[in-house]
Structures are given as C-alpha cells and as structure tokens.
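To keep things clear, I will list the structure first and then write my remarks on it.
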Amino acid sequence: MPVRPLDDDNHADISNLLAEKNGLHKAYMDLWTDATKAAFLRCRRLLQQRLREMQDAWKVRKAIYSHCIKGTASLLSFDGTPLLKRCAEHCRSVLNHSSSISDAAINQLPQVNTNNDLDLPPFL
Numbered sequence: 001m002p003v004r005p006l007d008d009d010n011h012a013d014i015s016n017l018l019a020e021k022n023g024l025h026k027a028y029m030d031l032w033t034d035a036t037k038a039a040f041l042r043c044r045r046l047l048q049q050r051l052r053e054m055q056d057a058w059k060v061r062k063a064i065y066s067h068c069i070k071g072t073a074s075l076l077s078f079d080g081t082p083l084l085k086r087c088a089e090h091c092r093s094v095l096n097h098s099s100s101i102s103d104a105a106i107n108q109l110p111q112v113n114t115n116n117d118l119d120l121p122p123f124l
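Just so it is clear: in the sequence shown, position 121 is 121 by full-length UniProt numbering, and no numbers are missing.
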C-alpha cells in the first residue's frame with residue numbers, strides 16, 4: 001500500500017501545534033515557572049492527542065483497504081506439528097469434559113434477558 005501524504009488540513013494543524021509547542025518549550029527553558037511549564041505540557045498533550053487520532057484513523061483505513069495476505073505459512077510448534085492444530089486439540093480436550101455441576105444446580109441459576117446491544121459492532 002503506497003504511503004499517502006497527510007491531508008492539507010491535518011498538515012496545517014500539526015505544523016501549527018508543533019510550532020506552538022516548540023515556542024512554549026523554548027519559553028519554559030528560558031524561564032522555569034509553573035505557568036510556562038503548564039502551558040508547554042498542555043500544548044504537548046494536545047499535540048500527542050491529535051497525532052494519536054490521526055494514527056488511529058490511518059490504522060482504520062489501512063485495516064479496511066489494505067490487501068489481505070493469502071497463503072501464509074502455518075506456525076509450527078517445537079515438535080513440528082502445526083500450532084493451530086495443537087491449539088484446536090487442546091481446546092477440544094478442555095471444552096469436552098463432562099460437567100461436574102449437577103443439572104439441578106444449573107436449573108436453579110437465575111435467568112436474565114439477552115442484551116442484544118452486545119451484538120452491535122463497535123463504533124469509532
């Protein structure tokens with residue numbers, strides 16, 4: 001996937017925030033006061049937040065539009081068997097045990113309504 005340049009709006013925002021942060025850092029280094037330190041830290045936090053938002057948006061676009069890798073080699077465990085096969089065997093052995101809880105105890109558990117909102121996809 002080719003690298004896309006930053007949007008003009010994002011580029012301008014980040015450039016302005018960087019210039020402001022650098023100016024505040026210089027002011028803080030010249031005059032060490034609580035006010036200059038607080039202003040610098042506030043601007044740095046805003047810049048980091050904005051960069052994280054851009055990075056998150058880029059990762060979402062990459063996940064949606066990037067190419068899927070097909071035909072990847074399967075991971076092997078130490079003895080040479082495919083790891084996915086060993087994991088499946090382990091899950092089957094763990095999940096296919098007979099229950100040590102009686103049916104009477106299970107029937108006494110309170111029943112609750114299903115929360116269908118848990119079925120919805122997450123939103124950004």
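Backbone N, C-alpha and C fix where the C-beta goes; we use that ideal spot for every residue, glycine too.
Burial state of residue i (16 or more Cβ within 10 Å)
| i | result |
| --- | --- |
| L109 | exposed |
| K21 | buried |
| F123 | exposed |
| S99 | exposed |
Enclosing alpha helix (DSSP H) for residue i [first to last residue]
| i | result |
| --- | --- |
| N107 | 103-107 |
| Q48 | 34-65 |
| L84 | 83-95 |
Nearest candidate by alpha-carbon position, reference residue i, set the options
| i | options | result |
| --- | --- | --- |
| R45 | H25, S99, I101, F123 | H25 |
| S15 | D30, C43, A35 | C43 |
| Q48 | K85, T36, L17 | L17 |
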